[in-house]
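Numbering (our numbering), first residue to last: 68 to 441. Even glycine gets a Cβ: it sits at the ideal position worked out from N, Cα and C. Single-structure report; data block below.
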């Protein structure tokens, strides 16, 4: 049974217990798009949240107008009251544009909007995705338990094994070897901090409301890595913990395509290099890219051995090809488009809530010939 500690406090699932946790003082944020609408994983997540019974649930939705009312009707069918925050509703977009917050948008911006709303009236905030087919009622209490023990930030980690093969490819084949390659070139505490998290790309994390109001956010897929950079600056090793959430089964993405892993790698890489830039770390991108290819190839061999040991299928050729693809994401970050900390933001959570409510009122009626299923 594994119980090794990292540089940050690591809380293991040794007994299957659901720890005491301040769920009644917490808000849970679930970012969603119409991609998850009415899916089996999202159904499981929301049904389970009804049993967890946190003080508040905020569904941060990004969807086209014609999908919003059907989504709201579907959400109303669950046995708890959830606040629907339509993050790309016209009134919300207009509010952000007026306050100089236009720019890239995606999951990171949606979570940022919901963090401001949640932290305004809750002591603790939990964020988790809605695509975990293995979601359990212990997840929220486990994420919250370290906060009750005076940590400021906790992050989930888990194994990605499904259908007889290893998943978690963006972490395994991009972030993990990239961090190792960077560590070979520069021994810096922030790299030690990032490397201490067993799954830094996990969408499951919790933080105190005070921390939620003090972190800047990457607007899209760089959210998780960017958040770790912010928590390193604000609470460091001593204020951070990670918790074991078991084995996760997630929806899977293709490597290529608009929403594929290669595009996500570009945003994750940019967020990581922005973190290093904040710490004054100069990166030789050509050298790191070459070292990454070497480390990635070696790690593919290690994963192959692990897969064989566990009698899992493994495509060594495909994994090596992904390493070559992800290497192209290793470059200097572009313009800094991070959203400000809420304590410095040029708008208030109440204004966001008001704009989202106005947007929902103006959404097309679901009876206007809009199909509920794709």
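**OP:** Using 10 angstroms around the beta-carbon of residue 305, count the other beta-carbons present and answer buried if the total reaches 16, otherwise exposed.
**Re:** If you number the chain shown from 1, residue 305 lands on position 238. When all chains shown are included, residue 305 counts as exposed.
**OP:** Give the DSSP-derived three-state secondary structure of residue 107 in the structure shown.
**Re:** Here the question's residue 107 lines up with position 40 in the chain shown. Reduced to three states, the DSSP call for residue 107 is helix.
Subject >> residue 69 versus residue 419 - alpha carbon distance >> reply: Mapped onto the chain shown, residue 69 falls at position 2. Mapped onto the chain shown, residue 419 falls at position 352. Using only the alpha carbons, I get a separation of about 44 Å.
Subject >> Under the three-state DSSP convention, the category residue 437 falls into >> reply: As a first step, residue 437 must be located in the chain shown, where it is residue number 370. Residue placement at residue 437 cannot be trusted, given a pLDDT of 42 that sits under 50; what the coordinates show is reported in the next sentence. DSSP places residue 437 in coil when its eight states are reduced to three.
**OP:** Find out if the Cβ-Cβ distance for the pair residue 172, residue 287 is shorter than 9 Å.
**Re:** Translated into the one-based positions of the chain shown, residue 172 becomes position 105. Translated into the one-based positions of the chain shown, residue 287 becomes position 220. Going by C-beta atoms, residue 172 is nearer than 9 Å to residue 287.
Original post:
When you compare only the Cα positions, how much space is there between residue 129 and residue 272?
Top reply: By 1-based counting over the chain shown, the position of residue 129 is 62. By 1-based counting over the chain shown, the position of residue 272 is 205. Each residue's Cα considered, the two are about 20 Å apart.
**OP:** Would you mind working out which of 112, 312 and 386 sits nearest residue 200, comparing C-alpha positions?
**Re:** Locating residue 200 in the chain shown gives position 133, counting from the first residue. Of 112, 312 and 386, the residue nearest in Cα terms is 112.
Original post:
Given residue 412, which residues of its chain have a CB within under 6 Å of its CB, disregarding the five upstream and five downstream residues?
Top reply: Sequence index remark: in the chain shown, residue 412 carries index 345 (1-based). So no residue of the chain qualifies.
Original post:
For residue 430, which residues of its own chain have a beta-carbon under 7 Å away from its beta-carbon, when the five flanking residues on both sides are left out?
Top reply: Looking up residue 430 in the chain shown gives position 363. The residues are 132, 135 and 136.
**OP:** Return the residue from the list 81, 99 and 190 that minimises the CA-CA distance to residue 92.
**Re:** Position 25 of the chain shown, counting from 1, holds the residue named residue 92. Closest option to residue 92, Cα to Cα, is 190.
Original post:
Would you call the CB atoms of residue 390 and residue 163 closer than 9 Å?
Top reply: The residue you call residue 390 lines up with position 323 of the chain shown. The residue you call residue 163 lines up with position 96 of the chain shown. Their beta carbons are not under 9 Å apart, which means residue 390 does not touch residue 163 by this criterion.
Subject >> Residue environment, residue 221, which counts as buried when at least 16 other CB atoms sit within 10 Å >> reply: Numbered from its first residue, the chain shown carries residue 221 at position 154. Buried is the call here.
Subject >> Uninterrupted alpha helix (DSSP H) stretches inside the region 129-154 (no shorter than 4 residues) >> reply: 132-142
Original post:
Would you say the region 144-164 touches the region 242-259, given that touching needs at least three Cβ pairs under 8 Å?
Top reply: no
Original post:
Would you call the CB atoms of residue 327 and residue 245 closer than 9 Å?
Top reply: Residue 327 sits at position 260 when you count from the first residue of the chain shown. Residue 245 sits at position 178 when you count from the first residue of the chain shown. No.
**OP:** Spell out a yes or no on whether the region 150-166 and the region 383-398 are touching, meaning 3 or more CB-CB pairs, one atom from each, closer than 8 Å.
**Re:** no
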